[in-house]
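Positions in the sequence shown are counted from 1; adding 2 to them yields this note's numbering.
First the structure, in the form of structure tokens, and then the observations on it.
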Amino acid sequence: MTDSQVTEPPVTLEDLRVGQLVVREREARDRWWWERMRSHYLPDSVVTLSWFQGTGPDFVTRSRILSESAIPSRHRLGPPSTRIHGDRAIVSLPAAVETYPTVDGVPVVLTAHCRLLYRLRSVDGEWRIAQLDGVYERDEIAPAVPGQQLTIDPAELEGLRAPYRLLAWTTARNGYPVSQDLPADDRPEQVREIYRRAEAWAALGER
């Protein structure tokens, strides 16, 4: 089936419900509403992001530790795209994830542009997150104070994948090494497989 042959279903109230759930999960993450964030995840949910791989509840715990003792972050979100079949749904949420580390004594703003791909399952009439994966697009870094100078040796970026090399370089310097096998737009087949598996899980059919 080609994209030109796909007829999208109309947006429903249920689409708005699942879209709002993932937006509120990110809001809870940014506002440090940890129990509210935890309530959005199934106990056996799976999260795979640049700095974390594990269960949803453990992700909340680690997010709290990281935010309160190390590097805070904030999310700038685009509108979610939702697809639902029965008691399962997938949501793609565009995001720019800002973190505020210090590099060589210079406070910086690191922005990772990505798509957050959620799998949701309805349990007793309530939607909750079953899986969260990040798909990385590009990143950028700049001094937090205009006029300050940040110098990066290009040799230190060698071997790091372009969509998230500044993220990987910065987080590794802060003790959080990042895998070089994450889903990212420089490997389109890898990204297509992530989406294919999510759609198969939700029985949405071939796209």
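Glycine is no exception: its CB is placed at the ideal position from the N, C-alpha and C atoms.
Secondary structure at Ser65: helix, using DSSP grouped into helix, strand and coil. Judged by DSSP secondary structure, Ile196 falls within the alpha helix (DSSP H) whose first and last residues are 190–203. With 16 or more neighbouring CB atoms inside 10 Å of its own CB, Arg85 falls in the buried class. Nearest Cα to Leu134 within the set Phe61, Pro156, Leu152, Asp155: Phe61.
Taking C-beta atoms as the reference points, Tyr43 and Gly58 count as a pair closer than 9 Å. Where Ser41 is concerned, the enclosing alpha helix (DSSP H) starts and stops at 36–41.
For Arg117, the uninterrupted beta strand (DSSP E) run begins and ends at 108–125, by DSSP. Within its own chain, the residues whose Cβ lies closer than 7 Å to the Cβ of Trp53, once the five positions on either side in sequence are excluded, are Thr173, Tyr178, Val180, listed in chain order. Judged by beta-carbon spacing, His87 lies beyond the 9 Å limit of Ala98, meaning their Cβ atoms are not closer than that value. Closest in alpha carbon position to Ala72, among Thr104, Ser124, Gln55, Ala132, is Thr104. Residue range 15–33 is occupied by the alpha helix (DSSP H) that includes Asp17. Out of Glu139, Val108, Thr101, Arg123, the CA that lies nearest to the CA of Arg117 is found in Glu139.
Beta-bridge pairing by DSSP links Gln55 to Thr50. Residue Pro45 holds the alpha-carbon nearest to the alpha-carbon of Ile131 among Pro185, Pro45, Pro11, Val108.
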